[in-house]
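Residues 1 to 318 in full-length UniProt numbering are what the sequence shown spells out, letter by letter.
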Amino acid sequence: MRGKKILITGGTGQVARPVAEALTAGNEVWCLGRFGDLPARKALDELGAHTVTWDMATDELDGVPDDFTHVLHSAVHRGDGTDFEETARGNAVGTARLMTHCARAESFLYVSSGVVYNRADSTHRYRESDPLGGAAPWLPTYPVAKITAEGVVRGLSEALALPAVIARLNIAYGPYGHGGVPVILFNQLRAGEPCAVPREGQNYCNLLHTDDVVRQVPLLWQAAQSPARVVNWGGDEEVGITDLLEYMSALTGVPVHLDRGDHSRETAIFDHSSRRRLIGDCSVGWKAGIARTLAELFEEYRDRIDAYLDAHPAGTPK
């Protein structure tokens, strides 16, 4: 993309920051966020992005232009886990302000989450038409945040005739922000902490690398329509969380300790028929992506990772 005026919220996040950095080449990019990560904000500024402090739960959009061609709304008010009313209000109002402010845009992309699904079966491949009503014991207000904002996007897409796409994200990861769930888990391994997994079997997900996030955002913008289109957004491969832990251990030599109980972080597998039809396949396989991410974020393991990959070249598909 070139010659566009782009607004991105959640500017230092796992999805938003790499997209913003990539699109500053040849486009006018504005990034909104709370910017608790000051080095990330400075990096965006140095690339030429316009950064504006914005808390979607409380702030108006004073001083922000309204003539954007494309919007990526990745910011979320997650809540504290107990205040469902405030979480719903913050996400609804913030999203409504943003859409009405940018009503003339060519395309509006809202980053939702697979947490919205009523997940009852770890082996079911969830489709966009499956029942909603997700639960997240690790942060109970998070599904409310996403479901509420999805409703606002649906309603205002039609009311404003604003082409929109709701992309339900699986697990994004890479060398930005906290690195995503794989890096959170790896830090638990490094600390010698047991990682929670189910009593039987394992949780499955579709890992999506930063490279594919950056490449696919413009394609998702092209798929926007009114009424809003809903699409699952994750990697092509189905990855078991226990398999992920064991692979990170093999790469780095850090031992795995599993806690088989009732407190694992539930994940979901997506049916990607719609996404593949609209924007095609992903380009980064999960093993190659995990190896690259760990090597970039944890310098002390680079030699070990390189040696493992040299000895197991077949273990890094794509």
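Beta carbons are placed, not taken as given, at the ideal position from N, Cα and C, and that holds for glycine.
Taking the straight line between their C-alpha atoms, what separation do you get for residue i and residue j?
i	j	result
Gly315	Thr267	Note on Gly315: pLDDT 49, under 50, position unreliable in the model; no value is reported.
Val256	Ile269	23 angstroms
Gly155	Gln188	41 angstroms
Thr100	Leu160	8 angstroms
Leu207	Ala288	11 angstroms
Tyr142	Ser74	14 angstroms
Asp62	Leu32	12 angstroms
Lys4	Tyr308	43 angstroms
Glu150	Gly192	38 angstroms
residue 341	Cys282	This structure cannot settle anything about residue 341, because the visible part of the chain is limited to 1 through 318.
Asp259	Glu237	25 angstroms
Ala57	Val254	40 angstroms
Asp243	Asp83	35 angstroms
Glu85	Ala291	41 angstroms
Ile305	Gly177	22 angstroms
Ala136	Ser264	10 angstroms
residue 319	Trp286	Here the chain has residues from 1 to 318 only, and residue 319 is not among them.
Glu158	Arg229	11 angstroms
Glu296	Tyr126	32 angstroms
Leu251	Ser113	29 angstroms
Arg34	Val15	15 angstroms
Ser249	Lys146	33 angstroms
Taking residue i as the reference, which of the options has the closest Cα?
i	options	result
Ser122	Asp259, Gly285, His50, Arg199	Arg199
Ser273	Val231, Trp138, Ala40, Arg168	Val231
Val153	Arg302, Tyr110, Ala103	Tyr110
residue 404	Trp286, Gly261, Asp212	With the chain covering only 1 through 318, there is no way to say anything about residue 404.
Val239	Leu278, Leu219, Pro182	Pro182
Glu21	Ala172, Asp55, His50	His50
Arg277	Gln222, Thr252, His124	Gln222
Cys205	Glu296, Pro39, Arg119	Arg119
Asn91	Ala103, Asp59, Tyr117, Pro65	Asp59
Arg17	Asp45, Met1, Arg2	Asp45
Gly174	Arg2, Arg125, Val284, Ala224	Val284
Gln225	Val116, Tyr117, Val165, Gly179	Val165
Leu139	Leu297, Val115, Pro194, Gly81	Gly81
Gly201	Arg168, Ile241, Tyr247	Ile241
Val76	Gly94, Ala167, Arg275	Gly94
Phe298	Asn203, Gly11, Gly179	Gly179
Leu72	Val116, Gln216, Asn203	Gln216
Use the C-beta contact count for residue i: other C-beta atoms within 10 angstroms, 16 or more gives buried, fewer gives exposed.
i	result
residue 331	No answer is possible for residue 331: it lies beyond the span of the chain, which begins at 1 and ends at 318.
Leu132	exposed
Thr87	buried
Arg302	exposed
Ala25	exposed
Thr293	buried
Ala105	buried
Pro227	exposed
Pro163	buried
Ser107	buried
Thr148	buried
Ile184	exposed
Ser129	exposed
Thr53	exposed
Gly48	exposed
Arg2	exposed
Gly36	exposed
Gly261	exposed
Leu98	buried
Tell me the DSSP secondary structure of residue i in three-state form.
i	result
Lys4	coil
Leu214	The sequence given here has Val at residue 214, not Leu. Looking at Val214 - three-state DSSP - the assignment turns out to be helix.
Thr87	helix
His209	strand
Thr12	coil
Glu28	strand
Gly33	strand
Arg154	helix
Arg125	strand
Thr51	strand
Ala164	strand
Leu169	strand
Leu132	strand
Val254	coil
Every unbroken alpha helix (DSSP H) inside the segment 256-296 [4 residues or more] = 273-279
Tell me the start and end of each unbroken alpha helix (DSSP H) in the segment 171-250 that is at least 4 residues and wholly inside, in chain order.
-> 181-190, 210-222
Continuous alpha helix (DSSP H) assignments of at least 4 residues falling wholly in the segment 61-120 = 84-101
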